[in-house]
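Beneath this line is the structure, given in structure tokens, with notes to follow.
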Amino acid sequence: MPGISASPGQLASAAALPVSRPADGIPITLTINGTRRQLAVQPWTTLLDLLREELNLTGTKKGCDHGQCGACTVLLDGQRINSCLALAVTKDGAEVTTIEGLAKADGSLHPLQEAFVEHDAFQCGYCTPGQICSAVGLLREGHAHNADEIRELMSGNICRCGAYPNIVAAIEQVRQDGGAA
Amino acid sequence: MERFSYHRPSGLDEAVRAVGPHGKFIAGGTNLVDLMKYDVERPNRLVDVARIPGLDRIEPLPDGGLRIGALVSNSALAYDERVQRDYPLLSRAILSGASPQLRNAATTGGNLLQRTRCYYFYDAGTPCNKREPGTGCPARTGRNRIHAILGTSEHCIATHPSDMCVALAALEAVVRVSGPGGERAIPMAEFHRLPGDRPEIDTTLAPDEIVTAVDLPAPRFPRHFTYLKLRDRLSYAFALVSVAVGLEMEGETVRDARIALGGVAHKPWRVPAAEALLRGRTAGKEAFGEAAAALLQGARGFGDNDFKIELARRAINRALAQAAAGKPQSVADKRIA
């Protein structure tokens, strides 16, 4: 891949020219929930802010905005990450799955979504999209073999309502049922 | 966040040329982006090295060791079969740190280069010699529960928060770097530095040098090892004190030992004299106690963190007992073995 380069100075000076506006940003391509999107982003825009503020995918939540709470967890090329700490421009070409992309086209819920409902694995629900995306990543990784390991490997997701026992139970049920990741 | 320009070089040479005096390399970005959001780091340019070819592999070395590319993620490294089999100390240390989301994004090079830090460093509303040289260190007389007890200076008492680096110190890994002057190798013991009167500098890496790999020696301590990490909550927290131990045992006798401490200093803390004290000794309280005393020689607290000295002494003793018995601390089972 050839090197690319853009600076705010260049973009600002481009504002005087009719061919380009500073809002244009740097062109990137992301496949979000299966749909390929051509986008233009400023280098300081996080993946989280891109999803929420520009693409109206507000299922992914902003909690701490510093990688400590996990509310912003999405799957990037199948791996769970904190979207608040990922600059969108650095993820050019990636596949992103958010909570909006987990259900099937016919609207039937992902097994983890079903399990969270069945086990009442939330109260206020704010952390839930991040919890579920994180759990999808956890089951794909395949390193959790019991409740202790689920707890340890979900430690990046905080639930201030304290629904942890039910969250662990929901994930453990799907794990025992064979994952369905 | 301050504005900056973005560059995605196609290779190492271009990256090193592009970074400039006020630029930063970015790979996983988990520490750098966080610090930029607090205006603690204010690079005028980011050079995205995450796609540079060839740096995301783990390869065997002729001497039986492993070369870990700088872009290998913390998750990929911790779960690599060779690492789990031959360097379980490293695998367990990595899995004791951060969260799965952060480990998926964070790289080997980035883990090495995360800032040595404390909450005053993060708070741009307070003085901090590391963030703004010459402004003072409020931690020394302020809140300092998490701060260093060894190797401190009047200018800085922050700790290096990495778990991976503590294991790499005990394994005597070597950091390979590339810069305008070519390549060089830096032993882990010399990679991070003590604060002295230049606390704004965390490592001996030159500003235009870039980490390309970490070399592990031939397999070490596959049986007698432990990573014992003590913290304020059971997961996803920095160490108050952590201890990496690797022993070579012959029956009850310690043939060789490596010990590194985390959470207690500006860098992973090793004292070769403490390790020498264990050689040829019968594993047990007497020898372990002497080693702990040698490791903690000169330790001093600053009030809130006084407890760390006794906590570290006990943690060293416990970790040595775990390693000698071949019963390493579990990552998921939080009971101290």
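Residue numbers (this note's numbering), protein chains in the order written: chain Z, 1 to 181; chain F, 1 to 337. Every residue, glycine too, gets a C-beta built ideally from N, C-alpha and C.
Query                                                                                                                                                                                           : Result
I'd like the list of long-range same chain contacts for Ile26 (chain F), defined as Cβ closer than 6 Å, with 5 residues on each side in sequence excluded.                                      : Leu32, Leu46, Asp48
Taking the beta strand (DSSP E) that Ala59 (chain F) belongs to, which residues open and close that run?                                                                                        : Residue identity differs from the one stated: residue 59 (chain F) is Glu in this sequence, not Ala. Element bounds for Glu59 (chain F): 58 to 60.
Expressed to the nearest angstrom, what Euclidean distance is found between the alpha-carbon atoms of Asp232 (chain F) and Thr226 (chain F)?                                                    : 20 Å
Report yes or no: do three or more beta-carbon pairs, one from the region 269 to 286 of chain F and one from the region 115 to 130 of chain F, lie closer than 8 Å?                             : no
Please tell me whether Met1 (chain F) has its Cβ less than 7 Å away from any Cβ of chain Z.                                                                                                     : yes
Listed from N- to C-terminal order along the chain, which residues in the region 144 to 155 of chain Z have their beta-carbon within a distance smaller than 7 Å of any beta-carbon of chain F? : Asp148, Glu149, Glu152, Leu153, Ser155
DSSP three-state call for Cys118 (chain F): helix, strand or coil?                                                                                                                              : coil
If you compare alpha carbons, which of Z:Arg160, Z:Arg36, Z:Ala170, Z:Glu149 is closest to Cys64 (chain Z)?                                                                                     : Z:Arg160
Name, please, each residue of chain Z whose Cβ falls closer than 7 Å to the Cβ of Tyr236 (chain F).                                                                                             : Ser155, Gly156
For a test of the three-state rule: what should DSSP assign to Val175 (chain F), helix, strand or coil?                                                                                         : strand
Whole angstroms are fine: how far does the CA of Ser242 (chain F) sit from the CA of Val166 (chain F)?                                                                                          : 8 Å
Alpha carbons only, please: which of F:Ala124, F:Phe221, F:Arg143, F:Pro127 is nearest the one belonging to Arg92 (chain F)?                                                                    : F:Phe221
Specify, as a first and last residue, the run of the beta strand (DSSP E) that Gly350 (chain F) falls within.                                                                                   : Because chain F is modelled from 1 through 337, residue 350 (chain F) falls outside the range shown and cannot be assessed.
Any beta carbon of chain F sitting closer than 7 Å to that of Asn56 (chain Z)?                                                                                                                  : no
Give a yes or no on whether the C-beta atoms belonging to Gly130 (chain Z) and Ala71 (chain Z) are separated by under 7 Å.                                                                      : yes
Determine the contact status of Pro100 (chain F) and Leu48 (chain Z), defining contact as a CB-CB distance below 7 Å.                                                                           : no
Report the three-state DSSP secondary structure of Arg45 (chain F) (helix, strand or coil).                                                                                                     : strand
Should Thr108 (chain F) be labelled buried (16 or more other beta-carbon atoms within 10 Å of its own) or exposed?                                                                              : buried
To which residues does DSSP link Glu95 (chain Z) through a beta bridge?                                                                                                                         : Z:Thr31
To the nearest angstrom, report how far apart Ala115 (chain Z) and Ala169 (chain Z) are at their CA atoms.                                                                                      : 9 Å
Determine the extent of the alpha helix (DSSP H) in which Gly109 (chain F) is found, giving its start and end residues.                                                                         : 108 to 113
Step through the CB atoms of chain Z and report whether any lies within less than 7 Å of the CB of Thr30 (chain F).                                                                             : yes
Which residue marks the beginning of the alpha helix (DSSP H) containing Glu190 (chain F), and which one marks its end?                                                                         : 188 to 191
Any contact of the region 140 to 157 of chain F with the region 290 to 307 of chain F, i.e. 3+ C-beta pairs under 8 Å?                                                                          : yes
Could you have a look at Val241 (chain F) and say whether DSSP puts it in helix, strand or coil?                                                                                                : strand
Measure from the C-beta of Pro27 (chain Z) to each C-beta in chain F and report whether the shortest distance is under 7 Å.                                                                     : no
Taking all protein chains shown into account, do 16 or more other C-beta atoms lie within 10 angstroms of the C-beta of Asp86 (chain F), making it buried, or fewer, making it exposed?         : buried
If you compare alpha carbons, which of Z:Val117, Z:Leu139, Z:Thr90, Z:Gln79 is closest to Leu39 (chain Z)?                                                                                      : Z:Thr90
To the nearest angstrom, report how far apart Asp56 (chain F) and Asp39 (chain F) are at their CA atoms.                                                                                        : 30 Å
Quick one: which chain F residues come within Cβ less than 8 Å of Asp65 (chain Z)?                                                                                                              : Lys37
Name the DSSP beta bridge partners of Gly78 (chain Z), please?                                                                                                                                  : Answer is none; Gly78 (chain Z) lacks a bridge partner.
At which residue ranges does the region 273 to 324 of chain F contain complete alpha helix (DSSP H) runs of 4 or more residues, listed in the order of the chain?                               : 285 to 295
Got a sec, what are the start and stop residues for the beta strand (DSSP E) Thr215 (chain F) sits in?                                                                                          : Residue 215 (chain F) is actually Asp in this sequence, not Thr. Here the beta strand (DSSP E) through Asp215 (chain F) covers 210 to 216.
Taking the straight line between their C-alpha atoms, what separation do you get for Ser10 (chain F) and Asn82 (chain Z)?                                                                       : 26 Å
Less than 8 Å between C-beta atoms, sequence neighbours within five positions excluded: which residues of the same chain meet that for Gln329 (chain F)?                                        : Arg92, Thr226, Tyr227, Leu228, Lys229, Ala319, Gln322, Ile336, Ala337
Since Thr128 (chain Z) is in the alpha helix (DSSP H), which residue starts that stretch and which ends it?                                                                                     : 128 to 141
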